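Protein chains: 2
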Amino acid sequence: MTTTLTNRQVRLARRPEGAAKRDDWQYTDEPVAQPAEGGVLVKTLSISLDPAMRGWMNEGKSYIAPVEIGAVMRAGGIGRVVASRNPAFAVGDAVYGTLGVQQYALVPQEEIKRSGLVKIDLEAGTIGQWLNVLGMPGMTGYFGLMDVGLPKAGETVVVSGAAGAVGQTVGQLAKIKGCRVVGIAGGAAKCDWVVKELGFDACIDYKAGPSAVREGLKAHFPKGVDIYFDNVGGEILDTVLAKLARGARIIICGAISQYNNTTPVQGPKNYLSLLVNRARMQGIVVFDYADRYPVAIAEMSAYLKDGRMKSREDVVDGIDTFPEALTRLFTGENFGKLVLKISD
Amino acid sequence: MTTTLTNRQVRLARRPEGAAKRDDWQYTDEPVAQPAEGGVLVKTLSISLDPAMRGWMNEGKSYIAPVEIGAVMRAGGIGRVVASRNPAFAVGDAVYGTLGVQQYALVPQEEIKRSGLVKIDLEAGTIGQWLNVLGMPGMTGYFGLMDVGLPKAGETVVVSGAAGAVGQTVGQLAKIKGCRVVGIAGGAAKCDWVVKELGFDACIDYKAGPSAVREGLKAHFPKGVDIYFDNVGGEILDTVLAKLARGARIIICGAISQYNNTTPVQGPKNYLSLLVNRARMQGIVVFDYADRYPVAIAEMSAYLKDGRMKSREDVVDGIDTFPEALTRLFTGENFGKLVLKISD
């Protein structure tokens with residue numbers, strides 16, 4: 028019966044300059060095809076909107092190939108198997124994978140591994156949580172904090188983008204590991220939520236004034252910052268660099284403040300603080316930890332169940348809103364993990 | 028008899044703006060005093076002139092307190108004990124310590140530890156070598172490369188300031204550990220020496236043109252750089268960042284290109300290469316490894332004896348030439364470890 032269905036898709040029409048605009052996208056409607064031997068057809072339920080998507084739109088070498096002009100935009104998502112000619116997947120299975128910004132993803136056998144298609148257990152977490160704490164952002168936060176940050180009980184941890192998907196995981200996990208945690212977020216509402224709901228020790232509203240971050244760090248952590256989980260780059264990175272404790276670790280996860288730049292990235296001019304403080308700055312890419320996702324998912328789904336960890340998603344409805352929904356990430360309008368709902 | 032002697036000293040007259048000039052220094056002549064109980068009087072033979080000295084002249088928090096205005100300029104040096112009331116030191120002993128830019132250093136008992144005064148064996152190396160491979164620069168190179176760089180045989184290593192004191196140690200040590208080593212130095216003479224005398228695999232003359240470093244790295248290490256030992260910062264750091272191999276380690280040892288800046292330090296705008304390449308940038312301060320200096324000295328003096336390691340010093344004669352001698356470091360005029368000879 029799926030043969031009569033239409034698959035609406037969002038394709039990259041051209042490489043954006045600065046922020047991606049509606050004109051940078053192209054909508055196509057294609058008939059839904061049936062899977063060949065070994066393949067699977069997935070109906071997309073929700074997709075994840077992530078800062079990294081901006082990088083995928085650019086030409087050039089990175090940790091992953093760019094999305095080609097004319098191709099369906101890459102996106103991780105949750106779906107249901109609606110047709111299967113692969114014994115590993117049954118009709119009705121909930122799955123996670125790189126489904127793309129489209130209503131249906133036809134995944135041929137040879138693409139199953141590359142698209143990371145795996146069955147997921149919707150008892151372990153909601154669809155939103157599977158795109159958040161139990162998904163890529165959660166895995167990024169988990170392995171960045173644990174493997175690169177190496178937190179010890181009693182240490183001081185700062186996380187920027189604190190109300191975002193990665194930030195909320197990092198801060199709550201650091202609290203569970205016995206650290207003192209200060210978030211950095213934009214606006215009083217996000218800061219309140221991070222402290223009152225998630226249990227961070229404090230949160231600095233970077234929009235409160237030009238010296239808010241500097242003054243806040245000084246007040247909360249007079250002896251300096253042991254671990255900084257950086258999601259934003261730019262001025263905030265420089266400010267934290269100036270407040271490092273000896274032996275500090277900085278996890279470079281992203282630099283959302285720089286992604287829409289049409290000018291060169293702003294390098295951290297306080298990087299020599301690494302020398303003075305014998306500190307380390309290290310980048311991570313979550314895919315390197317794929318073998319260990321199940322361990323992290325098991326640990327964090329237990330925290331979700333026993334209430335030690337909470338999550339918040341900001342759900343936008345409908346594939347046609349994709350361009351504007353994505354923009355919210357870069358303006359900081361989203362509050363919680365940004366999810367685009369494609370169908371029920 | 029030492030009571031009739033005069034001690035010529037170089038003191039910091041004011042905090043320099045940009046490069047230190049002759050007017051930033053003040054000369055004083057004081058009578059040489061005798062040590063009190065537990066103290067030692069050392070006649071300075073040679074002192075080490077190091078890029079780090081520029082930082083010590085600045086106000087503000089760093090890994091070590093600034094030199095106060097009016098104080099004798101801090102410097103590590105080699106001397107001979109000429110009077111001792113401490114059983115650990117005998118007249119005639121050769122010693123290393125923070126002697127300062129002066130002809131005689133009176134080290135009271137309570138200062139012996141802080142000034143790092145230790146007996147040295149002039150059989151293990153010459154005075155020049157004790158300020159070079161066996162001294163602070165050598166220790167910096169050794170522990171930076173071994174503890175932070177973690178070199179493995181077959182890996183690619185780039186070192187800037189290759190003909191300088193730290194650089195020559197790092198490059199030769201990396202060769203001994205089985206790495207492929209490219210130096211970066213200013214001018215054909217330094218590059219020739221680094222390759223022909225020290226056995227580096229290649230050396231890039233950064234003065235050869237604006238794209239010399241980029242083109243050179245591409246030609247020598249098409250698969251990227253595993254370890255970069257950074258003594259210079261600035262453009263060269265950015266260029267190497269753009270050529271990292273996956274899992275690369277950058278040792279931040281200094282940033283001589285930035286020390287005389289009157290404008291803000293230039294941050295590495297390519298720092299997001301750390302993310303793409305899962306790479307690490309870490310600062311080191313040699314004093315942290317003081318407990319292990321003897322191990323490194325034993326290893327490297329063996330290399331000097333069996334000819335696997337060579338050293339070159341650039342010796343300038345006379346305490347009165349101190350201001351101009353120091354300047355040579357920042358113009359790159361020195362060729363080899365810069366040493367100021369104070370007396371025979």
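Going line by line, the protein sequences match chains C and Z.
Following the numbering used here, the numbering of the first sequence begins with 28 at its first residue and continues without gaps.
Following the numbering used here, the numbering of the second sequence begins with 28 at its first residue and continues without gaps.
Heads up, the beta-carbon is just placed ideally off N, CA and C, and yes, glycines get one too.
For clarity, every value in this text was computed on a predicted model and none was experimentally measured.
What does a CB cutoff of less than 6 Å around C:Asn-287 pick up in its chain, not counting 5 residues either side in sequence?
Gly-45, Ala-46, Phe-357
Identify, in the order they occur along the chain, each residue of the same chain with its Cβ nearer than 8 Å to the Cβ of Z:Met-327, setting aside the five sequence neighbours on each side.
Val-160, Leu-161, Gly-165, Tyr-169, Thr-196, Leu-200, Met-336
Please state the DSSP three-state secondary structure of C:Ala-269.
coil
Compute the beta-carbon to beta-carbon distance between Z:Gly-198 and Z:Val-208, rounded to the nearest angstrom, for a pair I have assumed lies under 8 Å.
5 Å
Z:Ile-203 versus Z:Met-173: straight-line alpha-carbon distance, rounded
12 Å
Could you list which residues in chain C have their beta carbon closer than 8 Å to that of Z:Lys-296, in chain order?
Pro-291, Val-292, Gln-293, Gly-294
Residues, ordered as in the chain, of the stretch 294 to 328 of chain Z that lie near chain C by beta-carbon distance below 9 Å:
Gly-294, Pro-295, Lys-296, Asn-297, Tyr-298, Leu-299, Ser-300, Leu-301, Leu-302, Val-303, Asn-304, Arg-305, Ala-306, Arg-307, Met-308, Gln-309, Gly-310, Ile-311, Val-312, Asp-315
So which residues of chain Z does C:Ile-279 contact, with C-beta pairs closer than 8 Å?
Tyr-298, Leu-299, Leu-301, Leu-302
Pull up the CB-CB distance for C:Ala-109 and C:Val-69, whole angstroms please, since I reckon it's below 8 Å.
Sequence check: residue 109 of chain C is Val here, not Ala. About 7 Å separates the two Cβ atoms, so the contact holds.
Based on DSSP bridge pairs, tell me the residues matched to C:Gly-310.
C:Ile-279
Distance, Z:Leu-177 Cα to Z:Val-221 Cα:
22 Å
Proximity test, Cβ basis, 8 Å: C:Ala-282 and chain Z:
yes
C-beta neighbour in chain C for Z:Ser-89, strict 8 Å:
yes
For C:Met-100, which residues from the same chain have a beta carbon less than 7 Å from its beta carbon, with the 5 sequence-adjacent residues on both sides left out?
Val-37, Arg-38, Leu-39, Val-94, Gly-127, Val-128
So, at 8 Å on beta carbons, what are the nonlocal neighbours of C:Gln-309 in its own chain, with the 5 sequence-adjacent residues on each side left out?
Val-175, Arg-276, Ile-277, Ile-278, Ile-279
Can you list, in chain order, the stretches of the alpha helix (DSSP H) that have 4 or more residues and sit fully within the stretch 289 to 356 of chain Z?
300 to 303, 320 to 332
What are the boundary residues of the alpha helix (DSSP H) that includes Z:Gln-156?
154 to 157
Neighbourhood of C:Pro-135 by C-beta distance below 8 Å, restricted to the same chain and skipping five residues each side:
Pro-62, Ala-63, Gly-65, Gly-66
In angstroms, rounded to a whole number, what distance separates the CA positions of C:Pro-249 and C:Val-184?
13 Å
Kindly indicate the opening and closing residues of the alpha helix (DSSP H) around Z:Phe-256.
Segment 252 to 257 is the beta strand (DSSP E) holding Z:Phe-256; no alpha helix (DSSP H) there.
Have a look at the DSSP bridge pairing and note the partners of C:Arg-35.
C:Asp-56
Determine the closest residue to C:Ala-323 out of C:Ala-151, C:Pro-43, C:Asp-219, C:Ala-117, with distance taken between C-alpha atoms.
C:Ala-151
Whole-angstrom distance between Z:Val-267 and Z:Thr-354, CA atom to CA atom:
26 Å
Let me check understanding here. Comparing Cα to Cα, which of Z:Glu-182, Z:Gln-293, Z:Arg-339 lies closest to Z:Val-252?
Z:Glu-182
Whole-number beta carbon distance between C:Phe-227 and C:Ala-282, since they are thought to touch under 8 Å
Not a contact, Cβ separation roughly 22 Å.
Spatial neighbours of C:Val-259 within its chain, please: CB distance less than 7 Å, with the 5 preceding and 5 following residues excluded, ordered by chain position.
Ser-187, Gly-188, Ala-282, Ile-283, Ser-284
Mapping DSSP to helix, strand and coil, what is C:Tyr-90?
coil
So, using beta-carbon positions, are C:Ser-142 and C:Ile-369 closer together than 8 Å?
no
Tell me the residue span of the beta strand (DSSP E) that contains C:Ala-229.
229 to 232
Determine the direct distance from the alpha carbon of C:Asp-257 to that of C:Leu-76, and round the result to whole angstroms.
19 Å
State the DSSP-derived secondary structure class of Z:Ala-246, mapped to helix, strand or coil.
helix
Contact set for Z:Leu-271: own chain, Cβ-Cβ below 6 Å, skip 5 residues either direction
Gly-251, Val-252, Ser-300, Asn-304, Ala-306
Z:Lys-296 and C:Gly-171 - do their beta-carbons sit closer together than 8 Å?
no
Can you tell me which of the three DSSP states C:Lys-413 falls into?
The structure shown has nothing for residue 413 of chain C, since chain C only spans 28 to 371.
Do Z:Gln-130 and Z:Thr-71 have their C-beta atoms closer together than 8 Å?
yes
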